[in-house]
Every structure is written in structure tokens, then in C-alpha cells.
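Have a look at the structure below before the remarks.
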Amino acid sequence: MALSAVIPRPPGNVLMLEDDGQLSQAWLQYFNKLSDLLKVLPEGFGESSTDGSDAASGAIGEYLEATITDPIVLDSAVTTDILTLDLPAGDWDVHGWIAVSGTGMAENGWGIDGIDTAGVFGVPMGWTGPHRRNVAALTTITLRTSVTYTAGGAYVANARLGARRVR
Numbered sequence: 031m032a033l034s035a036v037i038p039r040p041p042g043n044v045l046m047l048e049d050d051g052q053l054s055q056a057w058l059q060y061f062n063k064l065s066d067l068l069k070v071l072p073e074g075f076g077e078s079s080t081d082g083s084d085a086a087s088g089a090i091g092e093y094l095e096a097t098i099t100d101p102i103v104l105d106s107a108v109t110t111d112i113l114t115l116d117l118p119a120g121d122w123d124v125h126g127w128i129a130v131s132g133t134g135m136a137e138n139g140w141g142i143d144g145i146d147t148a149g150v151f152g153v154p155m156g157w158t159g160p161h162r163r164n165v166a167a168l169t170t171i172t173l174r175t176s177v178t179y180t181a182g183g184a185y186v187a188n189a190r191l192g193a194r195r196v197r
């Protein structure tokens, strides 16, 4: 549900202050409802970073990433796990990037945990996702690739796997 659907409407046609300068009863009730709503919002909601810092662990906006620094040699027609990332419980948008180099590739594919692994022709390079992963406990996600090639040579992959907590 959108947040705007749960925020109460302010009192219409009621003065905010009484003659004695105190809040009117209608406005006092309105502010109390708002205060109660703020107590149940998820941790990190509405916080913004203006100093370039990262979102705290467990907060909305938290970002996790795994990258490889050394290329991985791929065997022809074998699905290879490239990267893994452990996601704590929560609702995540997961994305991956992969680049494979070599010559003579006939068919290839890439994806996260089996998503987007249909064969594509040409050099596999690009993004997959974001894909939603709503997990109740610590869960490992995996970026995989499979390349079929007809010419000899080493086929290597460079990759990144990331996830951002959305709620």
C-alpha cells in the first residue's frame, strides 16, 4: 500500500489554534495519528544521505555486491557458477553483469539462479535484472553462465552481482 493511502487527512475548516494559543482538539488528534504512524514505519524509511554514506545494514537502500578481479576460464557447454552473494532476510532487487570474451562462440547465456539463461547468439555481455528476491532467511544467490564455442581458446568472464534492499 502506498504511504499516501495511510496518512490521515488534516482537519478541514478547523482552526489549528484555539483562542488561548493551544492546539485545537481536532488538530491534536491529527498530530497524534501522524506520530503513531511514524512509530510503525520500517527502519530507515524517509532517511536520506546527503553526505555520500551508505545505507545502514538492515535499512532500506542497503547495497551488497560481489565482483571478480581475475578472469575465470570457462569450459564449452558447461554451466559455471561465476559469483555468489549472501542475502540476509528481506526484500531485494538483484542484478548481475557479465562479459565473456573469446572467438567461435555458437551459443551462450547468463543469469541469476537460472533466470535469463536462454541461449543468445553473440558475445554475452550485459545486465540481467533487476529480479526480486524476497527471502525469509539468509539465502545465497548465484550468477551463472554457459558458453558453447566451436574454436579452441580460453573463454573468460568478468562479472558483478549486486543487490539493493527495497523494503
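In our numbering, each residue carries its 1-based index in the sequence shown increased by 30. Built from N, CA and C at the ideal position, the CB exists for glycine as well. Keep in mind it's a predicted model, so treat the numbers as computed, not measured.
_Considering Cα atoms alone, identify which of A119, P41, I90, A56 is closest to A167._
Locating residue 167 in the sequence shown gives position 137, where the first residue counts as 1. Closest option to A167, Cα to Cα, is A119.
*Starting from S176, trace the beta strand (DSSP E) both ways and give me its first and last residue.*
Here residue 176 corresponds to residue number 146 of the sequence shown, with the count starting at 1. Its beta strand (DSSP E) spans residues 169 to 179.
*Length at least 3, wholly inside the stretch 78 to 132: the beta strand (DSSP E) runs in chain order*: 93 to 97, 102 to 104, 110 to 117, 120 to 131
*asked:* Restricting to Cα atoms, I'd like to know which of D121, T114, T178, H125 is closest to V16.
replied: With the chain covering 31 to 197 only, the question about residue 16 has no answer from this structure.
*Length of the line joining the Cα atoms of A107 and V124*: Here the question's residue 107 lines up with position 77 in the sequence shown. Here the question's residue 124 lines up with position 94 in the sequence shown. Rounded to whole angstroms, A107 to V124 spans 25 Å at the Cα level.
*asked:* Which same chain residues end up closer than 8 Å to L117 when comparing Cβ atoms and leaving out the 5 residues on each side of it in sequence?
replied: As a position in the sequence shown, residue 117 is number 87, starting the count at 1. Correct list, in chain order: L94, V124, R163, V165, L168, T169, T170, I171, A193.
*For V103, count neighbouring C-beta atoms within 10 Å of its own C-beta (all shown protein chains included) and say buried if the count is 16 or more, exposed if not.*
By one-based count along the sequence shown, residue 103 stands at place 73. Flag for V103 reads exposed.
_Can you tell me which residues form a DSSP beta bridge with G192?_
Start at 1 with the first residue of the sequence shown, and residue 192 comes out as number 162. E95, H125.
*On the three-state DSSP scale, how would you describe N164?*
Sequence index remark: in the sequence shown, residue 164 carries index 134 (1-based). N164 falls in the strand class under three-state DSSP.
*Alpha carbon to alpha carbon, what distance is there between L173 and W157?*
Looking up residue 157 in the sequence shown gives position 127. Looking up residue 173 in the sequence shown gives position 143. In a straight line, the C-alpha of W157 is about 11 Å away from that of L173.
*Going by DSSP, what residues sit across from W157 in a beta bridge?*
Walking along the sequence shown from the start, residue 157 turns up at place 127. Answer by DSSP bridge pairing, in chain order: W127.
*In or out: L113 buried (at least 16 other Cβ within 10 Å) or exposed?*
Taking the sequence shown and counting its residues from 1, one reaches residue 113 at position 83. With 16 or more other Cβ atoms within 10 Å, it is buried.
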